[in-house]
Amino acid sequence: MLHSIEYFYPQSFHKYPVIIFYDSHGTDIRNSTIEYIKSCLRLALIFQNIVLFIVMKNPSQTIGIINREIPTNNQRSIGYPFICQFWLHTVFHHPLIKNNYTCIMRLDDDGYLLEPIHKDFFD
Numbered sequence: 002m003l004h005s006i007e008y009f010y011p012q013s014f015h016k017y018p019v020i021i022f023y024d025s026h027g028t029d030i031r032n033s034t035i036e037y038i039k040s041c042l043r044l045a046l047i048f049q050n051i052v053l054f055i056v057m058k059n060p061s062q063t064i065g066i067i068n069r070e071i072p073t074n075n076q077r078s079i080g081y082p083f084i085c086q087f088w089l090h091t092v093f094h095h096p097l098i099k100n101n102y103t104c105i106m107r108l109d110d111d112g113y114l115l116e117p118i119h120k121d122f123f124d
């Protein structure tokens, strides 16, 4: 996904940062991984850990339930509603976004740009 931004939207290199929001619960993203990703790209990358479970009344109990849950093929993880809430509401109030940007473009990790972008979306 990130390589497609570099390839098809090169005018964005120094003009716009790419903010990568991630939830470290249940994943192991280390500084070495972040540094490796940065070394492969010319984009201005900002990695921001988010805590999706902050809205819960008893996060440690809920996370314990999540860790015991065995998802089926058709079932989304319990974290899915929290990431939806983040993207529908919380992201716009995040300190990196609020008062800094008038619009954002969201790409998931499985999203790609497929052709060159000649017009700047944000001008």
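The opening residue of the sequence shown carries number 2 in the working numbering; numbering runs sequentially from there. C-beta atoms are modelled at their ideal positions from N, C-alpha and C, and glycine is treated no differently.
### Task
Using the DSSP secondary-structure output, state which residues sit across from Ile105 in a beta bridge.
Numbered from 1 along the sequence shown, position 104 holds the residue referred to as residue 105. None, per the DSSP bridge assignment.
### Query
When we look at the beta-carbon of Phe93 and count the other beta-carbons within 10 Å, is it buried (16 or more) or exposed?
Taking the sequence shown and counting its residues from 1, one reaches residue 93 at position 92. Under this definition Phe93 is an exposed residue.
### Task
Compare the C-alpha of Pro96 against each of Ile20, Gly112, Phe14, Met2 and name the closest.
If you number the sequence shown from 1, residue 96 lands on position 95. That would be Ile20, whose Cα lies nearest to the Cα of Pro96.
### Task
Identify every residue that forms a DSSP beta bridge with Ile21.
Numbered from 1 along the sequence shown, position 20 holds the residue referred to as residue 21. Per DSSP, Phe48.
### Query
When you compare each of Cys41, Tyr102, His15 to Leu3 by their alpha carbons, which one comes out closest?
Numbered from its first residue, the sequence shown carries residue 3 at position 2. Residue Cys41 is the option with its Cα nearest to Leu3.
### Query
DSSP three-state call for His94: helix, strand or coil?
Along the sequence shown, one-based indexing puts residue 94 at 93. Helix.
### Query
So Asn100 is in the alpha helix (DSSP H); what residue range does that whole segment cover?
In the sequence shown, the residue the question calls residue 100 occupies position 99. It is not in any alpha helix (DSSP H) - Asn100 carries neither H nor E in the DSSP assignment.
### Integer Cβ distance of Tyr113 from Ser5, believed to fall under 8 Å
In the sequence shown, residue 113 corresponds to position 112, counting from 1. In the sequence shown, residue 5 corresponds to position 4, counting from 1. At roughly 4 Å, the Cβ-Cβ gap stays under 8 Å, so Tyr113 and Ser5 are in contact.
### Task
Starting from the C-beta of Pro117, find all residues in its chain whose C-beta is less than 7 Å away, skip the five residues before and the five after it, and write them out in chain order.
The count along the sequence shown starts at 1 and reaches residue 117 at position 116. Result list for Pro117: Phe9, in chain order.
### Nearest residue (CA-CA) to Val52, options Pro18, Arg43, Asp24
Here the question's residue 52 lines up with position 51 in the sequence shown. Considering only alpha carbons, the answer is Asp24.
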